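**Q**
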Amino acid sequence: MTMPNRLAVLSCAALVATTAAGCASVEKVAGGGDSGGGAITMGTTNVTSVLDPAGAYDAGSWLVLNNTFQSLLRFPAGATVPQPDAAQSCEFTGADTMTYHCTLRSGLKFSNGHPLTAADVAYSVDRMKKINDPSGPSSLLATIKSVEAKGDAEVLFHLSAPDAVLPAKLASAAGAIVDHQVFPADKLLDNSKLIGSGPYKIDSVETANNAPSKVTLSANGEYKGEAQLQNSKFVLRYFDKPDALKAALDGGEIDLADNSLEPTAATQIKADQLTGKGDLKVAEGETGETRYLVFNTKDATAGNQAVRQAAAQLLDRKALARDVYANTVQPLYSVVPAGITGHNTAFFDKYGEPDAAKAKKILNNAHVTTPVKLDLTWSRARVGAAELELVKKQLEASGLFQVTVEQQPDWKKYQAEWKAGSYQAYTVGWTPDYADPDDYISPLVVEGGAYHNSWDDPKISGKLVPDSIKLTDRTAGGAYGQIQNIVADAVPLLPLFQNKAFYVSKTNITGVDATVDNTGVFRFWEIGRGKKA
Numbered sequence: 409m410t411m412p413n414r415l416a417v418l419s420c421a422a423l424v425a426t427t428a429a430g431c432a433s434v435e436k437v438a439g440g441g442d443s444g445g446g447a448i449t450m451g452t453t454n455v456t457s458v459l460d461p462a463g464a465y466d467a468g469s470w471l472v473l474n475n476t477f478q479s480l481l482r483f484p485a486g487a488t489v490p491q492p493d494a495a496q497s498c499e500f501t502g503a504d505t506m507t508y509h510c511t512l513r514s515g516l517k518f519s520n521g522h523p524l525t526a527a528d529v530a531y532s533v534d535r536m537k538k539i540n541d542p543s544g545p546s547s548l549l550a551t552i553k554s555v556e557a558k559g560d561a562e563v564l565f566h567l568s569a570p571d572a573v574l575p576a577k578l579a580s581a582a583g584a585i586v587d588h589q590v591f592p593a594d595k596l597l598d599n600s601k602l603i604g605s606g607p608y609k610i611d612s613v614e615t616a617n618n619a620p621s622k623v624t625l626s627a628n629g630e631y632k633g634e635a636q637l638q639n640s641k642f643v644l645r646y647f648d649k650p651d652a653l654k655a656a657l658d659g660g661e662i663d664l665a666d667n668s669l670e671p672t673a674a675t676q677i678k679a680d681q682l683t684g685k686g687d688l689k690v691a692e693g694e695t696g697e698t699r700y701l702v703f704n705t706k707d708a709t710a711g712n713q714a715v716r717q718a719a720a721q722l723l724d725r726k727a728l729a730r731d732v733y734a735n736t737v738q739p740l741y742s743v744v745p746a747g748i749t750g751h752n753t754a755f756f757d758k759y760g761e762p763d764a765a766k767a768k769k770i771l772n773n774a775h776v777t778t779p780v781k782l783d784l785t786w787s788r789a790r791v792g793a794a795e796l797e798l799v800k801k802q803l804e805a806s807g808l809f810q811v812t813v814e815q816q817p818d819w820k821k822y823q824a825e826w827k828a829g830s831y832q833a834y835t836v837g838w839t840p841d842y843a844d845p846d847d848y849i850s851p852l853v854v855e856g857g858a859y860h861n862s863w864d865d866p867k868i869s870g871k872l873v874p875d876s877i878k879l880t881d882r883t884a885g886g887a888y889g890q891i892q893n894i895v896a897d898a899v900p901l902l903p904l905f906q907n908k909a910f911y912v913s914k915t916n917i918t919g920v921d922a923t924v925d926n927t928g929v930f931r932f933w934e935i936g937r938g939k940k941a
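According to our numbering, the residues represented by the sequence shown are 409 to 941, in order.
1) By the 10 Å Cβ neighbour count, where 16 or more other Cβ atoms means buried, how is GLU556 classified, buried or exposed?
2) Where does LYS595 sit, in a helix, a strand or coil, going by DSSP?
3) Indicate whether ALA691 and ALA909 have their beta-carbon atoms separated by less than 8 angstroms.
4) Per DSSP, what are the beta-bridge partners of ARG699 in this structure?
5) So, helix, strand or coil for GLY583, using DSSP?
6) If LYS766 sits next to GLN738, beta carbons under 8 angstroms apart, how far is it from one beta carbon to the other, in whole angstroms?
7) Quick one: residues in its chain with C-beta nearer than 6 angstroms to the C-beta of GLY441, no 5 flanking neighbours on either side, listed in chain order?
8) For the alpha helix (DSSP H) that contains SER787, what are its first and last residues?
9) Look up ARG513 in the DSSP assignment and say whether it is helix, strand or coil.
10) Select from ALA764, GLY938, ASP844, THR672 the residue whose C-alpha is nearest the C-alpha of LEU574.
11) For the region 796-855, list the alpha helix (DSSP H) runs that are entirely contained and at least 4 residues long, ordered along the chain.
12) Cutting at 8 angstroms between CB atoms, please list the residues of its own chain near GLY515, excluding the five before and the five after it.
13) Identify whether ALA464 lies in helix, strand or coil by the three-state DSSP scheme.
14) State the DSSP-derived secondary structure class of GLN892, mapped to helix, strand or coil.
15) Can you list, in chain order, the stretches of the alpha helix (DSSP H) that have 4 or more residues and sit fully within the region 523-586?
16) Under the DSSP definition of a beta bridge, which residues are partnered with ALA691?
17) Which same chain residues end up closer than 8 angstroms to THR507 when comparing Cβ atoms and leaving out the 5 residues on each side of it in sequence?
18) Comparing C-alpha positions only, which one of ASP571, ASN520, ALA582, GLY521 sits nearest to GLY544?
19) Could you check if PRO592 is buried or exposed, using at least 16 other CB atoms within 10 Å of its CB as the buried criterion?
20) With a 10 Å radius around its C-beta and 16 neighbouring C-beta atoms as the bar for buried, classify GLY837 as buried or exposed.
21) With a CB to CB cut of under 6 angstroms and the five nearest residues on each side skipped, what residues in its chain are close to GLU670?
22) Tell me whether the beta-carbon of GLY468 lies closer than 8 angstroms to the beta-carbon of THR452.
23) Along the chain, where does the alpha helix (DSSP H) containing ILE770 start, and where does it finish?
24) Identify the residues that DSSP records as bridge partners of THR452: which are they?
25) From ASP680 to ARG931, what does the alpha carbon distance come to, in whole angstroms?
26) Would you say the beta carbon of PRO575 is closer than 7 angstroms to some non-hydrogen atom of the ligand ADP?
27) Among residues of its own chain, excluding the 5 on either side of ALA805, which ones have a beta-carbon nearer than 7 angstroms to its beta-carbon?
28) In three-state terms, what does DSSP make of PRO779?
29) Label LYS801 either buried or exposed according to how many other C-beta atoms from any shown protein chain fall within 10 Å of its C-beta, with 16 as the threshold for buried.
30) Can you tell me whether ARG931 is helix, strand or coil according to DSSP?
31) Can you say whether LYS577 is buried or exposed, counting buried as having 16 or more other CB atoms within 10 angstroms of its CB?
32) Return the bridge partner residues of PHE500 from the DSSP annotation.
33) Measure from the alpha carbon of GLY604 to the alpha carbon of each residue in GLY521, ALA487, THR672, LYS685, then state which is nearest.
34) Quick one: grab the DSSP three-state call for TYR608.
35) By DSSP, does SER668 sit in helix, in strand, or in coil?
36) My output table needs one value for THR624: the three-state DSSP class, helix, strand or coil.
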């Protein structure tokens, strides 16, 4: 779902009470606007296929949803706790965090003019849970037993278990409010028909290869919220490869690019900026974005814990960050990244520096015949195959592994195939839904997680997660340390690195620094166009 300087701890007070202050086909949506004129165009390689909030759970879709839909709460730039958005106020009504009450702002409307009421909020949650799309974010709302609309303005969430993290979940795109008169209750709505109540409305969606290639937005005249738009039109373009994104930037087809550029290109732009060359500038910062090598634990080879531990013992993250990513990433030694409350270095603590002798001992003790034949599959990476080719080199240098690297270029097919258990090991990135350790635990290592690797530890899913999400004081997260240590021992996934934010824009583009933060939300409305530097 994806950010510097907002890596947040959700404090007790804030959680208990939050109060307001190719050949593309064009599908026309809600009318109005076009991509010309003063539109600002942004490029990304975070491709997507589904934009309906009930089925969308990737960075490429949430880029759009965070700007076109409202949730009850939101994370303002640099915020550490969620603040009201469509809601006027929200609060837990008891100390047990089992009931959550929200009062809506008055006069809310969707971009089609339909009123937004408490019934729409309840419908949105019920719909997501009913559809329960395997690629969607319904798991984030699993603790909601029922939603009650009390009149037009009040919403009451009844929980099946204490969940102090609910406000942060509702502030993500998983909490997007949909129009009950437009969205069907039991199936996803086509990308061409989406209606929201956010700062922008969707004017058109262009598709190529059955996936969005370009989304054109314009200011939503019905919007009632805190966002102050610095532009009236915004265009998001999706690119298959980083070099195509760079070519579009150089050719003036786009005004800015997100953290998708090939690392050496990004570092060269930074060097040119420092010496006054070119017409591009860089906005940098820390992020909560992570990348993992995920193991299919049902596979005969990858399902062997000793094989996974041996791979963990051989991985050289420092070389990966330095030699492949030009230090635009930092080594990651746990499923929870640095900067998030409760983060530890569980993998480093257990395995230390890469050591072939230790890896050999792990395999010998488990009576594993070497070399272990292992297939590593990837779909999208800023560096192409270079990422896994280096991992292959590191594993094979020990003499313990024989590795094959393969690509599945079709992202939608890649997702379907990892869910079906078609791969032994595969790389996937994670953009946070909200800045809390739970967002790296519940979605990733409970009951197979979003990557469907079939791994689950009853102690994590049955005790440590339920106990930890009860805590309204999110600094008291001792359970998360235990979870990270269990993951490091079992290695259902292998943390590779944590991204650094590295957004590139034309020198006349303003506002990028104001929206690159740890919330994982890129706010289109902050971006403006000034005079060339």
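Built from N, CA and C at the ideal position, the CB exists for glycine as well. This one's a predicted model, so the numbers in the text were calculated from it and none came from an experiment.
**A** The answer reads as follows:
1) Position 148 of the sequence shown, counted from the start, is the residue given in the question as residue 556. Exposed, by the Cβ-count rule.
2) On the sequence shown, residue 595 is found 187 positions in, with the first residue counted as 1. Reduced to three states, the DSSP call for LYS595 is coil.
3) For the purposes of this step, residue 691 is identified with residue 283 of the sequence shown, where counting begins at 1. For the purposes of this step, residue 909 is identified with residue 501 of the sequence shown, where counting begins at 1. Yes. Within cutoff.
4) Start at 1 with the first residue of the sequence shown, and residue 699 comes out as number 291. Looking at the DSSP assignment, ARG699 forms a beta bridge with GLY837, PHE905.
5) Counting from 1 along the sequence shown, the entry for residue 583 is found at position 175. In the structure shown, GLY583 sits in a helix (DSSP, three-state: H, G or I).
6) To locate residue 766, count along the sequence shown from 1; it is residue 358. To locate residue 738, count along the sequence shown from 1; it is residue 330. In fact, because the Cβ distance is near 24 angstroms, the residues do not count as touching under 8 angstroms.
7) Within the sequence shown, numbered from 1, the residue matching residue 441 stands at position 33. With a pLDDT of only 33 at GLY441, under the threshold of 50, the placement of this residue in the model should not be trusted; the figure read from the coordinates follows. Excluding residues within five positions, the ones whose Cβ falls inside 6 angstroms are ASP611, SER626, LYS641.
8) Position 379 of the sequence shown holds residue 787. Annotation: SER787 is outside any alpha helix (DSSP H) and is labelled neither H nor E by DSSP.
9) On the sequence shown, position 105 is the one that residue 513 refers to. DSSP places ARG513 in coil when its eight states are reduced to three.
10) Taking the sequence shown and counting its residues from 1, the one referred to as residue 574 is at position 166. Among ALA764, GLY938, ASP844, THR672, the Cα nearest to that of LEU574 belongs to ASP844.
11) 819-827, 846-853
12) On the sequence shown, position 107 is the one that residue 515 refers to. Within the same chain, GLY515 has close Cβ partners LYS632.
13) Here residue 464 is taken as the residue at index 56 of the sequence shown, counted from 1. In the structure shown, ALA464 sits in coil (DSSP, three-state: anything other than H, G, I, E or B).
14) Looking up residue 892 in the sequence shown gives position 484. It is helical.
15) 526-539, 574-578
16) Taking the first residue of the sequence shown as position 1, residue 691 is located at position 283. The partner list for ALA691 (beta bridge, DSSP) reads TYR911.
17) One-based indexing of the sequence shown puts residue 507 at position 99. Same-chain partners within the cutoff: PHE500, THR501, LEU564, PHE565, HIS566, LEU567.
18) By one-based count along the sequence shown, residue 544 stands at place 136. Nearest C-alpha to GLY544 among ASP571, ASN520, ALA582, GLY521: ALA582.
19) If you number the sequence shown from 1, residue 592 lands on position 184. Classification of PRO592: exposed, given that the 10 Å Cβ count is below 16.
20) Here residue 837 corresponds to residue number 429 of the sequence shown, with the count starting at 1. By the Cβ-count criterion, GLY837 is buried, with 16 or more other Cβ atoms from all chains shown falling within 10 Å of its own Cβ.
21) As a working note, residue 670 is residue 262 in the sequence shown. Closer than 6 angstroms at Cβ, skipping near neighbours: PRO650, ARG790.
22) Against the sequence shown, residue 468 aligns to sequence position 60. Against the sequence shown, residue 452 aligns to sequence position 44. Cβ atoms of GLY468 and THR452: closer than 8 angstroms.
23) The residue labelled residue 770 in the question sits at position 362 within the sequence shown. Residues 764-773.
24) For the purposes of this step, residue 452 is identified with residue 44 of the sequence shown, where counting begins at 1. DSSP lists TYR646 as partners of THR452.
25) The residue you call residue 680 lines up with position 272 of the sequence shown. The residue you call residue 931 lines up with position 523 of the sequence shown. Between ASP680 and ARG931, the C-alpha separation is close to 27 angstroms.
26) As presented, the structure is devoid of all ligands, the ligand ADP included, so that no description of it is given.
27) As a working note, residue 805 is residue 397 in the sequence shown. For ALA805, where only same-chain residues beyond five positions count, there are no Cβ hits under 7 angstroms.
28) Residue 779 sits at position 371 when you count from the first residue of the sequence shown. Here PRO779 sits in coil by DSSP.
29) To locate residue 801, count along the sequence shown from 1; it is residue 393. Exposed is the call here.
30) Indexing the sequence shown from 1 puts residue 931 at position 523. It is coil, neither helix nor strand.
31) Residue mapping note: residue 577 aligns to position 169 of the sequence shown, counting from 1. LYS577 comes out buried.
32) Working through the sequence shown from its first residue, we reach residue 500 at position 92. In DSSP, PHE500 forms a bridge with TYR508.
33) As a first step, residue 604 must be located in the sequence shown, where it is residue number 196. Answer by Cα proximity: GLY521.
34) For the purposes of this step, residue 608 is identified with residue 200 of the sequence shown, where counting begins at 1. Of the three classes helix, strand and coil, the one that applies to TYR608 here is strand, per DSSP.
35) Counted from its first residue, the sequence shown places residue 668 at position 260. In this structure, SER668 counts as coil in the three-state DSSP scheme.
36) In the sequence shown, residue 624 corresponds to position 216, counting from 1. Reduced to three states, the DSSP call for THR624 is strand.
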